[in-house]
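Counting from 2, one number per residue, gives the positions in the sequence shown under my numbering.
The C-beta atom is built at its ideal place from N, Cα and C for all residues, glycine as well.
Since we're looking at a predicted model, the values are computed, not measured.
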Amino acid sequence: MSADDAFVIAGRRFGSRLMVGTGKYRDAAEMRVALEASGAEVVTVAIGRLNLDRPGERTLLDEIDWSRYFVLPNTAGARTAEEAVRIARLGRAVTGSDWVKLEVIPDPTYLLPDPVDTLEAARELLDEGFVVLPYIHADPVLAKRLEAMGTATVMPLGSPIGSGQGLRNRASIELIVAQAGVPVVVDAGIGSAADAAEAMELGADACLVNTAIAQARDPELMAHAIRLGVEAGRKAYHAGRIPVRAHASASSPLERAVR
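Right under this line is the structure:
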């Protein structure tokens with residue numbers, strides 16, 4: 002593993018490969034403590050779910066230390082490409098950032114992203130100069146199409162949002178990683194440090210985690226655990242695991258070296 006194992010998105014370098022969300026925490030104080038424990042630099046915020054109609058009132062954006070974290074607006078709540086573009090523009094106006102995590106989710110039951118509208122929204126946002134990080138199904142073909150369009154990352158789901166099911170889409174994520182020319186961020190479904198480590202061992206460049214931390218019994222402790230899982234998985238990926246064998250292989254072979 003190189004001493005300079007850089008994680009770079011659209012020319013911007015990050016020291017942590019764990020990104021975290023800001024939803025579902027019991028209160029703002031708990032969120033701040035968890036963010037600290039995670040070691041994350043990138044923090045996502047659902048712009049469409051902020052109350053921006055009352056300028057004098059505090060919002061989630063006021064609870065984040067902007068000097069410490071890179072705030073990534075997301076389009077959570079958008080059901081169509083049109084809504085996603087509108088929220089992205091609002092996010093740029095509010096945060097001053099051209100970066101956006103693109104989510105287009107029309108289905109309120111399973112919360113699965115719409116691939117067609119995601120492509121449409123990505124195309125329009127790229128034309129408007131946004132740095133687009135799209136949340137998608139673990140679809141290798143879709144991932145390559147988005148990369149070819151110019152998205153800064155691809156962000157395949159491990160399993161449905163908030164499900165904690167882990168990497169149900171492992172085989173497809175492996176294919177995405179194998180062919181990607183942009184960072185691959187596993188987003189959604191991670192339930193524990195073990196899931197994060199597994200994603201990183203596959204060669205993913207980063208993980209984005211929200212529910213597993215925010216809804217844990219101890220969010221601060223889980224944030225730290227997932228941080229270590231991401232770090233351990235990255236090291237294991239570079240170290241190279243041994244082949245999976247159908248039979249045992251003695252740790253201390255009996256054969257003597259022939260002289």
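- Residues of the same chain with a CB within less than 6 Å of the CB of W100, apart from the 5 flanking positions on each side, are L73, V132 in chain order.
- When C-alpha distances from P141 are compared across G24, E129, V155, the shortest belongs to V155.
- Beta-bridge annotation (DSSP): Y136 is paired with M156.
- Within the same chain, Cβ atoms closer than 7 Å to the Cβ of A122 are found at A82, A85, V86, L103, V105, the five residues on either side in sequence being excluded.
- Non-local C-beta neighbours of G230 in its own chain, meaning closer than 6 Å and more than five positions away in sequence, comprise A194, A197, A198, ordered along the chain.
- Here L203 is not near V183, since their CB atoms are 8 Å or more apart.
- By the criterion of a C-beta distance shorter than 6 Å, D115 is surrounded in its chain by V105, P107, once the five residues flanking it on both sides are discounted.
- Between P161 and L112 a beta carbon distance of about 6 Å is seen, short of the 8 Å cut, so the two are scored as contacting.
- Counted as a single uninterrupted DSSP element, the beta strand (DSSP E) harbouring V210 occupies residues 207-210.
- In the DSSP assignment, R13 falls within the beta strand (DSSP E) that extends over 13-15.
- Unbroken alpha helix (DSSP H) runs of no fewer than 4 residues, entirely contained in the stretch 82-152, are found at 82-96, 116-128, 141-150, following chain order.
- In the displayed model, A181 falls within coil according to three-state DSSP, outside both helix and strand.
- Within the model, the alpha-carbon separation for G234 versus A247 is close to 24 Å.
- By alpha-carbon distance to M150, the top candidate from N75, G163, E175, A181 is A181.
- Under the three-state reduction of DSSP, V9 is assigned to strand.
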